[in-house]
Amino acid sequence: MTGLTADLVVDGRDPRTPALAPNGRLLCHVLAPTSRTGDHLDTELWLVDTDGAVAACRATADTATESRPRWSADSATLFFLSDRADRGTPQLHGLTLADGTMTTVTSWRAGVIDHLPLADSNMVALLAEDEPTEQDERRARDRDDAVVVGEREPRARLHLLDLRTGRVTTPKVFGDRHVVELRQRPDGGPLAVLTWASADNDYGPRTGQLHLFDPTTGTAENLGPVGADAQSLAWWPGEDGWHVGYLALTPPVLQAGTAVFDLAMDSCVLRNRTAGLSMCPTELCQTDAAPFVVFANGLNTTVARLDPTDLTTLSHHPGRLDNLTTTPTGETIAVLTGTRYQTPNVHIGPPTGPLRKITNTRPELDGIALGTQQPLAYRAADGLDLDGLLVLPIGRTASEGPFPLVTIVHGGPYDRYADRCQLFWFPSAQWLAAAGYAVLLPNPRGGQGHGHQFAASVAGRVGQQEWTDILTGIDLLIAEGIADPDRLGIAGWSHGGFMSAWAIGQTDRFRAALVGAGVVDWGMLAATGENGQFEAALGGSTGWSGIGPHSHDAVSPISFASHIRTPVLLLHGAEDTNVPLGQAVYLHRALRNFDVEHEFVIYPREGHSIRERNHQVDVLRRTRAWFDRWLRP
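Numbering (this note's numbering), first residue to last: 15 to 647.
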């Protein structure tokens, strides 16, 4: 039996964004490599016969970044974005299934961001920034390109493309607002349109407004503000007229669980349809009738239908379900999902289940030994119910412990560990299990899958109860003889990196730590990160909150750097705008000042996620080597 290697992890290809044709006979999905070897991610579009009568085939033969497959209403044409002509500048293309003809539909010089084929088969709505003017081109050519913040900032506009003439028009109805999402009413009526005041991630998601746009008359109506980070628009008919819904953060704080909001168009009454639930909605999917809602439900996933007065549970599924797509009737859905030991593939079936797998994109992993994965359920110190996962070393049982234990904390913090295959390029359970480690994957409070209050409980209090939640899980495994208390490690990326840095400032129990793209100073992150005010909600204050000390100082790992004695591996992307590199530099300088053993690795050209193949391989190998150095007898 072949063992797990770094090459096997990073050289795979994963399905993304499945799109069911309205007639349900075909499905298109993107096939994307796990890693990138050049300047561009070369992806492919694949067509799958949903009945399995015909073998799956590539939709095109281009070397390009292909994305966003969308079907025409009659299922005759597949529209998608491709940068085949000018890498990095995607244009809209159309594939006519009857004769296999592919047409380049747009030549928009700024590139196309997204698109939506409309009920009128001659029209497609486009999202794209303004084309550069002659002055813009001159300024770029002459390098007379000083950036004045607030002036000439890029905005995505709504454009209408007439397929008969190729003419693109730009309705001047949203002012200077940035358009982020569109959804047409199922009967072919108006479009619901979400806009922000700016494309700036710190500001824009807090300024969302919902509009009604009529593509026939070119007129729009502003329906008013929406909740922070609104997304996933859907329409449905009711006895009281049309409704439009969306997901958004639950007011009033910016760190909270998401909810489904339901706006009755005639009465203008807005309701939170998921208040009080112990699940968290992750997707809202439109049909011709009642929409579907996907819920993160503990370690697993629930699919429900949003009926006029209640939610009707349709099916429960182990692990995660992502990118739900459906036929207009809602009789068939397709999703990305996998198992504990199989990476995600496209599955299809009725919304009530069962779902059958129709792609097999990682056959090279068949027969690869993986560690036994099992759910954990336990209680926090204050009695709160918690869950997580335990992955044992490959070929070992819990009774053979104690093992060296690495705890990997998830990011977000509004994320979760679901009961799915834990094999990724970043520090992941199966990669460490292959090296003989037991791995704890805890779901502390602040995460997704347990309702709004569970998620909101860490706002302004990061590193407090979520930290004791994690310790409770570690102590449980020690008490059960699974974890060796003298060989404990901790790791994480992003918010998980924060928790790793926080842990080693609170205790000397860990013999080694990995801090990947982690937060070490919340005030600094609120000031420089791309999601500043959302981070301020977590940290509890900003640097401009008056003369310190500030609330965020008490929950920032850098404040406890003098306590750290644990060896630390620091990994960070040089171009990270989410958690800027300065966070890692700050911790590195503190560790150097206090003479703490550490290794600081910067990955050029990388952002918050590591994308280049050689860098992903380095992360995997360096992670194992670091824990082997400190946790092995």
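Virtual Cβ for every residue (Gly too), placed ideally from N, Cα, C. Quantities reported herein were computed from a predicted structural model and do not represent experimental measurements.
Between the options, which has its C-alpha nearest residue i's C-alpha?
{"i": "Ile488", "options": "Gly463, Gln462, Gly465 and Asn457", "result": "Asn457"}
{"i": "Leu205", "options": "Leu130, Glu167 and Val472", "result": "Leu130"}
{"i": "Met137", "options": "Asp567, Arg153, Asp56 and Val182", "result": "Val182"}
{"i": "Glu145", "options": "Ala133, Asp158 and His173", "result": "His173"}
{"i": "Gly108", "options": "Asp100, Gly409, Gly102 and Ser96", "result": "Ser96"}
{"i": "Arg123", "options": "Pro104, Leu502, Ser292 and Ser471", "result": "Pro104"}
{"i": "Pro418", "options": "Arg50, Ile492 and Ala497", "result": "Ala497"}
{"i": "Phe608", "options": "Arg638, Ser623, Thr353 and Phe574", "result": "Phe574"}
{"i": "Asp88", "options": "Pro36, Leu111, Ala432 and Arg638", "result": "Pro36"}
{"i": "Gly367", "options": "Gln356, Ala348, Thr580 and Phe641", "result": "Ala348"}
{"i": "Asp254", "options": "Pro322, Gly532 and Met538", "result": "Pro322"}
{"i": "Gly511", "options": "Gln597, Asp500 and Thr411", "result": "Gln597"}
{"i": "Thr482", "options": "Val423, Pro185 and Val194", "result": "Val423"}
{"i": "Ala73", "options": "His331, Phe614, Gly218 and Leu111", "result": "Leu111"}
{"i": "Arg84", "options": "Thr339, His577, Thr51 and His54", "result": "Thr339"}
{"i": "Arg39", "options": "Asp56, Thr91 and Ala211", "result": "Thr91"}
{"i": "Leu404", "options": "Ile484, Ser570 and Gly252", "result": "Ile484"}
{"i": "Arg579", "options": "Ala604, Thr264 and Ala395", "result": "Ala604"}
{"i": "Val599", "options": "Pro427, Leu539, Ala133 and His577", "result": "Leu539"}
{"i": "Val472", "options": "Leu268, Gln630, Leu291 and Ile362", "result": "Leu268"}
{"i": "Thr120", "options": "Arg152, Ala139, Arg434 and Pro229", "result": "Ala139"}
{"i": "Arg625", "options": "Leu601, Ser86 and His54", "result": "His54"}
{"i": "Pro229", "options": "Leu175, Gly222 and Asp216", "result": "Leu175"}
{"i": "Asp220", "options": "Leu226, Arg434 and Ser212", "result": "Before going on, a small fix: residue 220 reads as Arg here, not Asp. Among Leu226, Arg434 and Ser212, the Cα nearest to that of Arg220 is on Ser212."}
{"i": "Met513", "options": "Ile572, Asp150, Ile372 and Met116", "result": "Ile572"}
{"i": "Thr189", "options": "Arg153, Leu41, Ala541 and Ala234", "result": "Position check: residue 189 holds Gly in this sequence, whereas Thr was assumed. Closest option to Gly189, Cα to Cα, is Ala234."}
{"i": "Asp642", "options": "Val420, Asp113, Leu132 and Ala541", "result": "Val420"}
Do the CB positions of residue i and residue j come within less than 7 Å of each other?
{"i": "Ala248", "j": "Gln198", "result": "no"}
{"i": "Phe525", "j": "Trp644", "result": "Phe is not the amino acid found at residue 525; the sequence shown has Arg there. Their beta carbons are under 7 Å apart, which means Arg525 touches Trp644 by this criterion."}
{"i": "Trp60", "j": "Ala75", "result": "no"}
{"i": "Arg287", "j": "Asp276", "result": "yes"}
{"i": "Glu549", "j": "Thr591", "result": "no"}
{"i": "Val24", "j": "Thr48", "result": "yes"}
{"i": "Thr64", "j": "Asn337", "result": "no"}
{"i": "Pro29", "j": "Thr375", "result": "yes"}
{"i": "Trp250", "j": "Ala304", "result": "yes"}
{"i": "Trp516", "j": "Gly557", "result": "no"}
{"i": "Arg638", "j": "Ala452", "result": "no"}
{"i": "Gly519", "j": "Trp536", "result": "no"}
{"i": "Leu325", "j": "Val317", "result": "no"}
{"i": "Gly495", "j": "Pro416", "result": "yes"}
{"i": "Gly546", "j": "Glu589", "result": "no"}
{"i": "Leu398", "j": "Tyr392", "result": "no"}
{"i": "Arg619", "j": "Thr51", "result": "no"}
{"i": "Gly232", "j": "Pro185", "result": "yes"}
{"i": "Thr77", "j": "Asp56", "result": "yes"}
{"i": "Leu291", "j": "Gly259", "result": "no"}
{"i": "Phe94", "j": "Glu80", "result": "yes"}
{"i": "Tyr431", "j": "Ala469", "result": "no"}
{"i": "Gly381", "j": "Cys435", "result": "no"}
{"i": "Arg332", "j": "Asp396", "result": "Reading off the sequence, residue 332 comes out as Pro, not Arg. No. Outside cutoff."}
{"i": "Leu263", "j": "Pro295", "result": "no"}
Measure the beta-carbon distance from residue i to residue j and round it to whole angstroms, keeping in mind my assumption that it falls under 8 Å.
{"i": "Glu378", "j": "Pro364", "result": "Not confirmed; about 31 Å, so no contact."}
{"i": "Leu585", "j": "Val633", "result": "6 Å"}
{"i": "Arg169", "j": "His192", "result": "5 Å"}
{"i": "Asp531", "j": "Gly460", "result": "For clarity, residue 531 is Ala in the given sequence; the question names Asp instead. 18 Å between Cβ atoms; not a contact."}
{"i": "Arg646", "j": "Ala20", "result": "About 19 Å; that fails the 8 Å criterion."}
{"i": "Leu406", "j": "Ala447", "result": "7 Å"}
{"i": "Val615", "j": "Val582", "result": "The Cβ separation is near 11 Å, so there is no contact."}
{"i": "Arg354", "j": "Gln387", "result": "5 Å"}
{"i": "His509", "j": "Gly425", "result": "5 Å"}
{"i": "Ile408", "j": "Leu384", "result": "6 Å"}
{"i": "Val665", "j": "His43", "result": "In this structure the chain extends from 15 to 647, so residue 665 is not present and cannot be described."}
{"i": "Val207", "j": "Leu196", "result": "6 Å"}
Checklist entry - Do the region 271-283 and the region 236-254 meet, that is, are 3 or more Cβ pairs less than 8 Å apart? => result Yes: the two stretches touch, three or more of their Cβ pairs being nearer than 8 Å.
Next on the checklist: Three or more C-beta pairs under 8 Å: does that hold for the region 276-285 against the region 561-570?
Outcome noted: no
Checklist entry - Taking three-plus beta-carbon pairs below 8 Å as touching, is the region 462-469 in contact with the region 307-322? => result yes
Next on the checklist: Across the region 524-539 and the region 498-507, are there enough close Cβ pairs to call them in contact, namely three or more that are closer than 8 Å?
Outcome noted: yes
Checklist entry - Mind pulling the alpha helix (DSSP H) runs of 4 or more residues that sit fully within the region 464-490? => result 466-470
Checklist entry - Where are the beta strand (DSSP E) runs, 3 residues long or more, that stay fully inside the region 563-602, in chain order? => result Listed in chain order, the beta strand (DSSP E) elements of length 3 or more contained wholly in the region 563-602 are 582-587.
Checklist entry - Curious, which full-length beta strand (DSSP E) runs of at least 3 residues does the region 142-208 contain? => result 170-176 and 192-198
Item to check | Contained beta strand (DSSP E) runs [length at least 3] in the region 314-343, N- to C-terminal order | outcome: 314-320, 325-331 and 336-340
Item to check | Uninterrupted beta strand (DSSP E) stretches inside the region 403-445 (no shorter than 3 residues) | outcome: 417-423
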